[in-house]
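In this note's numbering, the protein residues as written are 66 to 884.
Set out below in structure tokens:
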């Protein structure tokens with residue numbers, strides 16, 4: 066009896082009362098295989114189907130086949146399944162197990178899912194972007210069209226409280242039957258490969274323990290390398306790989322007990338963490354790594370990346386050893402490291418390329434991402450980036466899906482690849498090979514260069530039976546995918562050597578923003594259509610090409626590096642070119658540059674000078690140049706700075722009279738208003754120097770204020786010596802400063818003022834050598850008190866000068882006077 070049987074009654078009751086239910090149950094509890102069968106005849110289904118989502122193809126097939134066997138039927142009868150390029154269902158199928166992307170397609174073709182009574186999200190803790198999207202669509206469908214649709218979310222580890230709060234749903238828990246598992250940490254040599262470290266622990270486990278062994282490895286390459294190391298000396302042990310692309314017969318050999326009772330070693334990817342029940346396992350060996358989908362900006366596609374497992378995944382792996390009885394889990398990392406692992410995997414929606422999801426949502430009719438209920442909200446930046454790409458691919462326009470976008474969605478791949486396949490014309494066979502090469506790992510480990518055409522050539526020569534310098538297992542996976550595409554398009558195999566420019570032409574359809582032009586002949590540097598600069602490796606054969614279509618690149622600190630590209634013929638690009646009249650201010654040359662350019666986005670194909678620039682456009686460009694470079698472009702001098710300070714001082718002192726803001730920021734923001742009328746004859750930097758700024762600035766002030774400026778804030782004031790002494794004003798309205806020699810103000814009774822006597826001047830009294838001796842705004846007090854102390858010192862330092870005892874009646878002088 067499976068542990069989940071104990072709560073079947075509770076699940077039935079809750080689904081009868083609630084439309085959404087959460088179930089938390091450990092691996093092996095039977096939730097994936099037993100529970101859907103027990104719910105097939107519930108009255109609320111009304112004879113409709115159950116759709117169950119599985120995150121992986123292997124689990125999808127295995128779960129469906131296991132349920133069919135429990136009914137003594139074949140797959141395609143009561144229980145069916147759908148995966149990419151394979152459908153096994155019939156008219157009598159009541160429960161379909163599907164991979165996550167398939168459900169989205171089903172919803173798009175029938176937006177009410179009329180024949181479906183319940184959708185089950187299995188292994189929801191993996192938080193794939195497909196699961197999050199499908200759940201968001203189902204939730205909106207329930208709200209608008211199908212209030213009777215049931216949703217069951219199942220997981221081995223689940224943030225149940227948070228998700229239950231978002232969905233307002235009850236949580237059921239099946240404890241299952243789990244025996245204790247002894248954890249043994251075995252740190253490995255950092256220089257050793259994963260496969261060699263795993264083999265060492267396998268030998269140890271075989272010698273010391275009994276029972277079958279399940280080994281978790283990052284990917285299929287590690288599995289094959291480990292199998293190669295285990296080939297010798299294991300006659301009494303049966304070794305089995307287990308991964309998604311494995312033929313079904315081989316998968317079953319790994320999952321079921323050995324028919325002759327031999328001890329089994331199962332080498333698996335993370336696919337064996339959940340969903341699949343592997344008979345006889347009492348020992349788990351965990352490498353500590355997994356390959357997870359990550360958005361790769363280099364390729365613009367989501368690819369698998371090897372990362373450390375999270376703690377929740379490590380616990381699930383260890384739990385596999387405790388299904389039948391007490392078990393053992395060897396962890397190939399230090400115990401101290403275990404506590405530093407991430408607690409749980411990051412939802413894919415936070416780090417994935419959102420272009421496929423946004424295209425699905427646009428077809429669904431979603432105008433804003435916020436219109437849906439999300440367990441984890443996608444970021445605005447990633448959403449906008451996805452929309453920009455889809456516009457370039459002509460898949461969406463004005464937040465609406467185009468006919469081209471609808472056709473792209475019909476193909477089970479990324480919109481980039483879909484667009485390339487649909488635009489292939491008579492090159493569809495070549496496009497299917499390129500699609501397979503882009504979606505799989507590079508078959509050349511030590512790259513002879515970045516040319517994708519070389520990879521296509523190697524693939525076709527290998528298909529023709531030739532020996533080629535490439536990884537055979539990688540070529541096999543690439544060809545399997547290419548063959549699936551050929552079947553989908555009903556085309557024959559083509560092993561002719563490709564035309565390099567044809568590869569580039571197709572590649573540019575997938576990556577229009579990465580069309581690149583060489584900046585100088587035989588240079589490694591190229592400018593992309595999106596404006597960025599990228600570089601080929603030195604001595605790469607593609608350096609001889611003027612135009613490239615770039616597939617894989619990295620961003621780099623200053624310049625990106627090109628990893629995969631193909632040559633482009635310029636004539637294949639002309640349909641993308643658009644003509645633009647470009648008028649701009651060239652800061653380096655200090656002049657307006659005007660040209661008619663033919664270009665692809667930021668890449669210029671040809672340019673022709675424009676002699677006559679429309680007046681309004683020229684003035685607009687000049688104003689933008691001033692805002693960019695600042696007022697110094699106008700030959701802004703001390704005279705203009707003084708005028709600014711005088712006006713701003715009066716703005717502070719006489720706030721109710723309308724004195725304008727003439728700070729740099731405000732003048733730059735309003736340059737179109739006060740300067741534009743004088744720019745008709747300006748085209749270069751020297752022309753600005755001929756502008757009469759004094760006259761222009763006068764126009765900034767209303768006539769009445771302009772009339773009062775010199776009276777209220779004079780530039781100079783007369784002193785008793787007859788000199789006109791300059792005043793220095795402040796933008797912030799501080800007291801104006803007068804720097805004057807002490808001898809020139811003998812006889813001056815009161816401190817000078819401005820602004821109709823309201824504001825005293827701050828006097829900096831200087832020695833005959835123009836050194837400061839006193840700062841004051843109270844001249845009368847200075848004469849009465851401090852002057853006599855100052856006089857004693859000045860008589861010693863400047864004996865040729867006259868220092869009278871009575872400064873009130875003494876004659877003011879400009880220079881020395883005999884005593």
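Every residue, glycine too, gets a C-beta built ideally from N, C-alpha and C.
Euclidean distance between Cα positions of residue i and residue j
{"i": "residue 422", "j": "residue 259", "result": "35 Å"}
{"i": "residue 823", "j": "residue 692", "result": "36 Å"}
{"i": "residue 283", "j": "residue 209", "result": "42 Å"}
{"i": "residue 819", "j": "residue 802", "result": "11 Å"}
{"i": "residue 126", "j": "residue 632", "result": "42 Å"}
{"i": "residue 778", "j": "residue 715", "result": "7 Å"}
{"i": "residue 506", "j": "residue 678", "result": "52 Å"}
{"i": "residue 518", "j": "residue 313", "result": "34 Å"}
{"i": "residue 320", "j": "residue 462", "result": "49 Å"}
{"i": "residue 151", "j": "residue 553", "result": "11 Å"}
{"i": "residue 206", "j": "residue 134", "result": "33 Å"}
{"i": "residue 854", "j": "residue 861", "result": "12 Å"}
{"i": "residue 713", "j": "residue 733", "result": "16 Å"}
{"i": "residue 162", "j": "residue 221", "result": "18 Å"}
Close-in-space but distant-in-sequence residues of the same chain around residue i (CB under 6 Å, 5 per side omitted)
{"i": "residue 641", "result": "665"}
{"i": "residue 605", "result": "514, 515"}
{"i": "residue 232", "result": "85"}
{"i": "residue 520", "result": "502"}
{"i": "residue 811", "result": "872, 875, 877"}
{"i": "residue 841", "result": "828, 847"}
{"i": "residue 64", "result": "Any property of residue 64 remains undetermined from this structure, which presents the chain solely from 66 to 884."}
{"i": "residue 345", "result": "277, 322"}
Own chain, CB closer than 7 Å to residue i, minus 5 neighbours either side, in chain order
{"i": "residue 483", "result": "473, 476"}
{"i": "residue 252", "result": "398, 399"}
{"i": "residue 496", "result": "485, 486, 489, 571"}
{"i": "residue 754", "result": "700"}
{"i": "residue 708", "result": "762"}
Beta-ladder partner(s) of residue i, from DSSP
{"i": "residue 279", "result": "331, 349"}
{"i": "residue 591", "result": "583, 599"}
{"i": "residue 395", "result": "249, 350"}
{"i": "residue 828", "result": "803, 841"}
{"i": "residue 644", "result": "663"}
{"i": "residue 626", "result": "600, 619"}
{"i": "residue 186", "result": "118, 218"}
{"i": "residue 516", "result": "630"}
Exposure of residue i, with buried meaning 16 or more beta-carbon neighbours within 10 Å
{"i": "residue 432", "result": "exposed"}
{"i": "residue 751", "result": "exposed"}
{"i": "residue 452", "result": "buried"}
{"i": "residue 412", "result": "buried"}
{"i": "residue 351", "result": "buried"}
{"i": "residue 325", "result": "exposed"}
{"i": "residue 775", "result": "exposed"}
{"i": "residue 391", "result": "exposed"}
{"i": "residue 721", "result": "exposed"}
{"i": "residue 430", "result": "exposed"}
{"i": "residue 555", "result": "exposed"}
{"i": "residue 527", "result": "buried"}
{"i": "residue 805", "result": "buried"}
{"i": "residue 772", "result": "exposed"}
{"i": "residue 266", "result": "buried"}
{"i": "residue 446", "result": "exposed"}
{"i": "residue 727", "result": "buried"}
{"i": "residue 508", "result": "buried"}
{"i": "residue 226", "result": "exposed"}
{"i": "residue 96", "result": "buried"}
{"i": "residue 245", "result": "exposed"}
{"i": "residue 849", "result": "exposed"}
Other residues of its chain near residue i: CB distance less than 8 Å, five sequence neighbours each side excluded
{"i": "residue 492", "result": "567, 570, 571"}
{"i": "residue 403", "result": "250, 376, 379, 396"}
{"i": "residue 688", "result": "736, 737, 740, 741, 744"}
task = Quick one: which unbroken alpha helix (DSSP H) runs of 4-plus residues sit fully inside the stretch 115-179? Chain order, please.
result = 122-135, 165-174
query = What are the start and end residues of each continuous alpha helix (DSSP H) run of 4 or more residues lying completely inside the stretch 293-328, in chain order?
reply = 313-320
message = Report the start-end ranges of each beta strand (DSSP E) in the stretch 658-696 that is 3 residues or longer and not cut off at the edges.
response = 668-674
query = Which ranges does the beta strand (DSSP E) cover as unbroken runs of at least 3 residues, wholly within the stretch 704-775, from first to last along the chain?
reply = none
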